[in-house]
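Undergrad:
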Amino acid sequence: MLPILGSLDVASLVPATYRASTSLVLQTVLLAAGLYIFGKLVTFIRWHRRTDKLFGNVPGPKERHWLFGSFRNMPEDGHDRMQVFVDWGNQYARAQGYLRLWGSFWRPVIVACHPTSMKKILKTAEPKPLGLTSGYRTLKAWLGDGLLISGGEKWARNRRLLTPAFHFDILKPYIHVYNDAAGIFVDKLNDFAARGEQFELFQHVKPWLASDIIFYNTALGKKYKRDCDYVHGVAEDIINTRKAALEKIGGVDKKKYLDFLDILLTAKDENGVGLSYMDIRNEVDTFLFEGHDTTASAISWILYSLAEHPEYQQKCQEEVDEVLQGRQDVEWSDLPKLEYLTQCIKEGMRLHAPVAIVGRETTKPFPIADIVCPPGTNVMINIWMLHHNVEVWGEDHMDFRPDRFTKEACAKMDPYQYVPFSGGPSFTFNLVPGHVVRRRLAAVMRAENGIMMTVERRKH
Ligand code: HEM
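Reading the sequence shown from the start, the letters are residues 1 to 460 in full-length UniProt numbering.
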């Protein structure tokens, strides 16, 4: 109905034939919309029945809320949630190495949490899920189509171009960079030790911003957008400065070590085509995030476990003292000699799983146990649950036990039972008494209320 303006009936000014054809168009549009919605409904009901039949018998919790799926009765507290995951794994995945959860809108999620299921899914090149509720989608505004998020041919090509960045010969000269970074950290610890002050560990290991939830119409979403713009600006500054420097000297400085940005700027595929500016920025953002938040989470949680176990911390300190023989800087050749420290690092990454959950979405039929998942099935690769699988790690899986990673034990391990990466020696760390650390699952494993520490200079 058209509006009446004052006493003037505007509709009466429109010719009758025009009104009739408008109403016919409207009816046709409504009919088409109705048929479309009906078609969608029928498709949905059929899909729902098929899904029920196929996944209904895969072991998993019965709870199936239309919006929250299996997660409706999850505890609010992140720490308790992580325990629910462990319980689910041990209750439902024992027989087949998989369990089934329900996501929003009755979508099944297959959870891999045993070496057999991990092997099966990690050996595929299936892409990351980018559906509405996927964590990867949240990160897309920040990391674009970088390696972490992209899939298919784009991922394969860029992965090939960037592989040289991880060659040992490229990484070796970076030992000086690691020493410099460690020096800055140690200076901070010195200040805290001198003042006898408590501090929260994570923020000193991790200075970059990273919001968790992306709701662009909320204050948090807007902040996330502003943060993304800021980080993109930083990445662009870094790229532009290096690009200008390379142009000035007419190519990569052969005397200097080849770094990641040089590789990004100069890499060419078999057709002589390099990465676009946006590709380069996405990879810089991806590596700043992947290389930073993950490492910060790992270091924080490893130090937390060492502070909980002064006896292991002491053994690490003794080993470092012995290997370094009074030197401040670590050399590349020292690394294999730091065996006990390596055991503690590995055990810390098992126990705390800095990247706890990653995912894939199948593009081909994917057989698990006695069913074949259709393309489009969401597979949750739950590293946390794998690292706390009672069958694999024993009833004491929540205990920090570096002896799980002795050379002999590692030689006997299934390569898929421990997958944290999916494929001043002069301090004593102490936990602040009474401060209870609670886990919070974000893109990387965080602590809800921080990891509060004090640090004191060693007496000897
Ligand atoms: C303790 C430290 C680290 C942990 C626990 C960790 C963990 C992981 C995990 C679990 C994935 C798989 C993600 C997925 O499949 O969705 C991954 C991917 C990736 N990580 Fe790390 N990471 C760490 C350090 C680093 C560092 C230092 C860098 C680079 C400087 C880095 C760069 C990447 C990249 C580029 C990817 C995507 C690879 C691809 O899909 O091809 N990570 N990392």
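The beta carbon of each residue, even a glycine, is placed where N, CA and C say it ideally should be.
Just verifying my parser: in three-state terms, what is the DSSP assignment at Y312?
TA: Sequence index remark: in the sequence shown, residue 312 carries index 312 (1-based). Of the three classes helix, strand and coil, the one that applies to Y312 here is helix, per DSSP.
Undergrad: May I have the straight-line CA-CA distance separating D403 from Q343, to the nearest angstrom?
TA: Your numbering for residue 403 matches position 403 in the sequence shown. Your numbering for residue 343 matches position 343 in the sequence shown. Cα to Cα, the separation comes out at about 7 Å.
Undergrad: Cα separation between D180 and T124?
TA: What you label residue 180 is simply residue 180 of the sequence shown in a count that begins at 1. What you label residue 124 is simply residue 124 of the sequence shown in a count that begins at 1. Taking the straight line from one Cα to the other gives about 39 Å.
Undergrad: Please report the distance separating the alpha-carbon of H167 from that of V330.
TA: As a first step, residue 167 is located in the sequence shown; it is residue number 167 there, counting from the start. As a first step, residue 330 is located in the sequence shown; it is residue number 330 there, counting from the start. Roughly 20 Å between the two C-alpha positions.
Undergrad: Taking the continuous alpha helix (DSSP H) assigned at W88, which residues delimit it?
TA: If you number the sequence shown from 1, residue 88 lands on position 88. W88 -> alpha helix (DSSP H) spans 78-92.
Undergrad: Rounded to the nearest angstrom, how far is the Cβ of G89 from that of C113, given a contact under 8 Å?
TA: For the purposes of this step, residue 89 is identified with residue 89 of the sequence shown, where counting begins at 1. For the purposes of this step, residue 113 is identified with residue 113 of the sequence shown, where counting begins at 1. Right, the Cβ-Cβ distance comes to about 5 Å (below 8 Å), so this counts as a contact.
Undergrad: So is N382 buried or exposed if we call it buried at 16+ other beta carbons inside 10 Å?
TA: For the purposes of this step, residue 382 is taken as residue 382 along the sequence shown, with counting starting at 1. Burial call: buried.
Undergrad: Using the beta-carbon count (16 or more within 10 Å), is V111 buried or exposed?
TA: Indexing the sequence shown from 1 puts residue 111 at position 111. Buried: at least 16 other Cβ atoms inside 10 Å.
Undergrad: Nearest to Y277 by CA position, among L288, F287, L265, is which residue?
TA: Taking the first residue of the sequence shown as position 1, residue 277 is located at position 277. Among L288, F287, L265, the Cα nearest to that of Y277 is on L265.
Undergrad: Three or more C-beta pairs closer than 8 Å, one from the region 301-312 and one from the region 341-358: is that the case here?
TA: Yes, the region 301-312 is in contact with the region 341-358.
Undergrad: Under the three-state reduction of DSSP, which class applies to Y418: helix, strand or coil?
TA: Here the question's residue 418 lines up with position 418 in the sequence shown. Three-state result, Y418: coil.
Undergrad: With which residues is P367 paired in a DSSP beta bridge?
TA: Sequence index remark: in the sequence shown, residue 367 carries index 367 (1-based). Answer is V372, bridged to P367.
Undergrad: Going by the DSSP bridge assignment, what does H65 pair with across the sheet?
TA: If you number the sequence shown from 1, residue 65 lands on position 65. Answer is G69.
Undergrad: Any idea what DSSP makes of R49, helix, strand or coil?
TA: Along the sequence shown, read from residue 1 onward, the residue named residue 49 stands at position 49. DSSP places R49 in helix when its eight states are reduced to three.
Undergrad: Just verifying my parser: in three-state terms, what is the DSSP assignment at K268?
TA: Mapped onto the sequence shown, residue 268 falls at position 268. In the structure shown, K268 sits in a strand (DSSP, three-state: E or B).
Undergrad: Tell me the DSSP secondary structure of A356 in three-state form.
TA: Numbered from its first residue, the sequence shown carries residue 356 at position 356. The answer is coil: DSSP assigns A356 none of H, G, I, E or B.
Undergrad: For P420, verify whether its CB is less than 7 Å away from any heavy atom of the ligand HEM.
TA: As a position in the sequence shown, residue 420 is number 420, starting the count at 1. Yes, the beta carbon of P420 sits closer than 7 Å to at least one heavy atom of the ligand HEM.
Undergrad: In three-state terms, what does DSSP make of I450?
TA: The residue you call residue 450 lines up with position 450 of the sequence shown. The sequence shown places Gly at residue 450, not Ile. Three-state DSSP puts G450 in coil, outside helix and strand.
Undergrad: Fully enclosed by the region 119-152, which alpha helix (DSSP H) runs are 4 residues long or longer?
TA: Listed in chain order, the complete alpha helix (DSSP H) runs (minimum 4 residues) inside the region 119-152 are 135-143.
Undergrad: Any idea what DSSP makes of L101, helix, strand or coil?
TA: Indexing the sequence shown from 1 puts residue 101 at position 101. L101 falls in the strand class under three-state DSSP.
Undergrad: Given G196, which residues of its chain have a CB within under 6 Å of its CB, disregarding the five upstream and five downstream residues?
TA: Taking the sequence shown and counting its residues from 1, one reaches residue 196 at position 196. Once the five neighbours on either side are set aside, G196 has no close Cβ partner at all.
Undergrad: Take K120 as the anchor and find which of N73, A447, S333, Y416 has the nearest alpha-carbon.
TA: Numbered from 1 along the sequence shown, position 120 holds the residue referred to as residue 120. Among N73, A447, S333, Y416, the Cα nearest to that of K120 belongs to Y416.
Undergrad: Leaving aside the five residues before and after L54 along the sequence, list all residues of the same chain whose C-beta is less than 7 Å from its C-beta, in chain order.
TA: Working through the sequence shown from its first residue, we reach residue 54 at position 54. Closer than 7 Å at Cβ, skipping near neighbours: I371.
Undergrad: Please report the distance separating the alpha-carbon of K346 from that of N190.
TA: Position 346 of the sequence shown holds residue 346. Position 190 of the sequence shown holds residue 190. Each residue's alpha carbon lies about 27 Å from the other.
Undergrad: If we count Cβ pairs, one from each stretch, closer than 8 Å, do we get three or more for the region 145-159 versus the region 284-292?
TA: Yes, they touch.
Undergrad: In chain order, which continuous runs of the beta strand (DSSP E) of length 3 or greater are located wholly inside the region 158-203?
TA: Whole beta strand (DSSP E) segments, 3+ residues: zero.
Undergrad: Quick one, are the C-beta atoms of I249 and I280 less than 8 Å apart?
TA: For the purposes of this step, residue 249 is identified with residue 249 of the sequence shown, where counting begins at 1. For the purposes of this step, residue 280 is identified with residue 280 of the sequence shown, where counting begins at 1. Not closer than 8 Å, so no.
Undergrad: Work out the CA separation of W384 and A182 for me, nearest whole Å.
TA: Against the sequence shown, residue 182 aligns to sequence position 182. Against the sequence shown, residue 384 aligns to sequence position 384. Cα to Cα, A182 sits roughly 28 Å from W384.
Undergrad: I'd like the ranges of any alpha helix (DSSP H) spanning at least 4 consecutive residues and lying wholly in the region 277-344.
TA: Entirely contained in the region 277-344, the alpha helix (DSSP H) runs reaching 4 residues are, in chain order, 277-308, 310-324.
Undergrad: Checking 8 Å against the spacing of the C-beta atoms, do N378 and G103 come in under that value?
TA: Counted from its first residue, the sequence shown places residue 378 at position 378. Counted from its first residue, the sequence shown places residue 103 at position 103. In this structure, G103 lies closer than 8 Å to N378 by Cβ.
Undergrad: Quick check on residue 461: does DSSP put it in helix, strand or coil?
TA: Residue 461 is absent from the structure shown; the chain starts at 1 and stops at 460.
Undergrad: Below 8 Å on the Cβ atoms is my guess for L161 versus L275; work out the distance and round it to an integer in Å.
TA: Here residue 161 refers to the residue found at position 161 of the sequence shown. Here residue 275 refers to the residue found at position 275 of the sequence shown. Contact holds; Cβ gap of about 7 Å.
Undergrad: For E322, count neighbouring C-beta atoms within 10 Å of its own C-beta (all shown protein chains included) and say buried if the count is 16 or more, exposed if not.
TA: The residue you call residue 322 lines up with position 322 of the sequence shown. Exposed.
Undergrad: Give every residue of the same chain whose Cβ lies closer than 7 Å to the Cβ of R242, excluding the five residues on either side of it in the sequence, and list them in chain order.
TA: Taking the sequence shown and counting its residues from 1, one reaches residue 242 at position 242. Answer for R242: L261, L265, listed in chain order.
Undergrad: Identify whether M380 lies in helix, strand or coil by the three-state DSSP scheme.
TA: Stepping through the sequence shown from its first residue, residue 380 is reached at position 380. Reduced to three states, the DSSP call for M380 is strand.
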